[in-house]
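Let me begin by presenting the structure, written as structure tokens, before commenting on it.
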Amino acid sequence: QVQLVESGGGLVQTGGSLRLSCGASGGTFSIYVAAWYRQAPGKQRELVASISSGGSTNYADSVKGRFTISRDNAKNTFYLQMNGLTPEDTAVYSCNALKSGLVPLMYWGQGTQVTVSS
Numbered sequence: 040q041v042q043l044v045e046s047g048g049g050l051v052q053t054g055g056s057l058r059l060s061c062g063a064s065g066g067t068f069s070i071y072v073a074a075w076y077r078q079a080p081g082k083q084r085e086l087v088a089s090i091s092s093g094g095s096t097n098y099a100d101s102v103k104g105r106f107t108i109s110r111d112n113a114k115n116t117f118y119l120q121m122n123g124l125t126p127e128d129t130a131v132y133s134c135n136a137l138k139s140g141l142v143p144l145m146y147w148g149q150g151t152q153v154t155v156s157s
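Dropping the structure here:
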């Protein structure tokens, strides 16, 4: 059982930056695909970025060039560096860890609010 704990959300002005962190415990984190999702009020949850165990990354078109996902397997932690924030980035951000296989295992963090003021 993997537990994920997020930190780093908050209030920032347009154009500002935030770094979200997600610490994992209780499993072999290095083999999991790690991802950040977000959900804005009245909208569906969307995948923001993901990073494989080998370090390959994917981003939503809306955040490409502004957000960077990274991981430090030695610290069982992954990050989302968010630059150039806009009010459209306001959402609850949740970290996610996925272990693929015959029985996929998926875990979620509790979510952290990111609010970007105009």
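The opening position of the sequence shown corresponds to residue 40 in our numbering, with each subsequent residue numbered one higher.
Idealized CB from N, CA, C, for every residue including glycine.
Since we're looking at a predicted model, the values are computed, not measured.
Span separating the alpha-carbon of residue i from that of residue j
i	j	result
residue 62	residue 109	12 Å
residue 75	residue 51	19 Å
residue 57	residue 124	8 Å
residue 113	residue 68	9 Å
residue 46	residue 142	29 Å
residue 49	residue 83	21 Å
residue 139	residue 55	35 Å
residue 178	residue 106	As shown, the chain starts at 40 and ends at 157. That puts residue 178 outside it, with no answer to give.
residue 70	residue 126	34 Å
residue 44	residue 145	14 Å
residue 148	residue 103	23 Å
Extent of the continuous beta strand (DSSP E) run through residue i
i	result
residue 151	151-156
residue 122	No beta strand (DSSP E) holds residue 122; DSSP gives it neither H nor E.
residue 136	130-138
residue 63	57-64
residue 46	42-46
residue 144	144-147
Spatial neighbours of residue i in its chain, beta-carbon cut-off 6 Å, leaving aside the 5 residues before and after
i	result
residue 65	40, 41 and 42
residue 73	90, 110, 117 and 136
residue 120	58 and 107
residue 128	155
residue 122	56 and 105
Own chain, CB closer than 7 Å to residue i, minus 5 neighbours either side, in chain order
i	result
residue 78	84, 130 and 131
Close beta carbons around residue i, own chain, < 8 Å, minus the five adjacent residues each side
i	result
residue 53	124, 125, 126, 155, 156 and 157
Three or more beta-carbon pairs under 8 Å between the stretch 92-102 and the stretch 142-157, yes or no? No, because fewer than three Cβ pairs between the stretch 92-102 and the stretch 142-157 fall closer than 8 Å, the two stretches do not touch.
Length-filtered (3 minimum) beta strand (DSSP E) runs lying within the stretch 84-109: The qualifying runs are 85-90 and 96-98.
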